[in-house]
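Student:
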Amino acid sequence: MIIATRNKGKTREFEAIIQKVFPGITVQNLGDLTDVPEVVEDGDTFEHNARKKALEVSLFTGKTTLSDDSGLEILALDGAPGVYSARWAERAPGDTRPQDELNNLKLVEEVRKLAPDRRRAQYVAVLCLCVADDDSGREILARIGPKAGEMEVMDGRHIIEFRAEFRGRLQPEARGDGGFGYDPYFVLDDGRTMAELSLEEKNRISHRAQALEKLYRWSIS
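Going by my numbering, the sequence shown opens with residue 853, and the numbers climb by one from there.
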């Protein structure tokens, strides 16, 4: 199975929990492959982008693909940055800083404009499983049996999506050395940031973990 990302942080999260959903299936990400073209994420919803990535990568490689589109929604900003989370901050000519650093600087700027009681936010993840006629795909379809009838068929692939949200609040100060992206600024109800969680704990409660759990529960129901 291919995980349709080159993001090392996402890959670590997926690799740690994918075996619970489909134990024994070998996982690769796009960094392990050559010549797979970049998918233009031009949709205005997480669902559109997740499906587009999964289908295009699966059609190009001929392999079963699991994609996600995920991001941060700040409620007081009408859900921004949303689908633009990975590229929220504009890069000035000649600026070579990592995009995550630029995004976090913009986040801090925006959060400081909000009163503390208006800093509610949520991480959103939409997974798309695109099952091809390969070894992994045939094994998955055999495991889920009649559930395959609930999947949409498109271009010879069986497709299904799962969405999950993880709610919290934002702070303008970074805390924690784990996670990636906006995690040092995203505060849980217990006061810790996502970056202060162990990978094991994050993989139990994160938006991606919840979406994968929905996939798992669906597959065994």
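Ideal Cβ positions, reconstructed from N, Cα and C, are used throughout, including at glycine.
Can you tell me whether Met-1006 is helix, strand or coil according to DSSP?
Tutor: Correct three-state label for Met-1006: strand.
Student: Run through DSSP, which three-state label would Asp-884 get?
Tutor: In the structure shown, Asp-884 sits in a helix (DSSP, three-state: H, G or I).
Student: Between which two residues does the alpha helix (DSSP H) containing Tyr-1068 stretch?
Tutor: 1059-1072 is the extent of the alpha helix (DSSP H) around Tyr-1068.
Student: So, with DSSP's three-state summary, where would you put Gly-923?
Tutor: Correct three-state label for Gly-923: strand.
Student: Can you tell me which of the three DSSP states Gly-1110 falls into?
Tutor: Given that the chain is displayed from residue 853 to residue 1073, the structure contains no residue 1110 and the question cannot be resolved.
Student: Tell me which residue opens and which closes the beta strand (DSSP E) that Arg-964 is part of.
Tutor: Segment 951-964 is the alpha helix (DSSP H) holding Arg-964; no beta strand (DSSP E) there.
Student: Per DSSP, Ala-944 is paired with what?
Tutor: Answer is none; Ala-944 lacks a bridge partner.
Student: Could you please give me the residues that DSSP links to Ala-977 through a beta bridge?
Tutor: Its beta-bridge partners are Ser-922, Ala-1016.
Student: Val-978 and Glu-908: beta carbons closer than 7 Å?
Tutor: Their beta carbons are not under 7 Å apart, which means Val-978 does not touch Glu-908 by this criterion.
Student: With 16 as the cutoff for other CB atoms within 10 Å, does Leu-882 come out buried or exposed?
Tutor: Classification of Leu-882: buried, given that the 10 Å Cβ count is 16 or more.
Student: Quickly, what does DSSP pair Ile-855 with across the bridge? List them, please.
Tutor: DSSP lists Asn-881, Leu-918 as partners of Ile-855.
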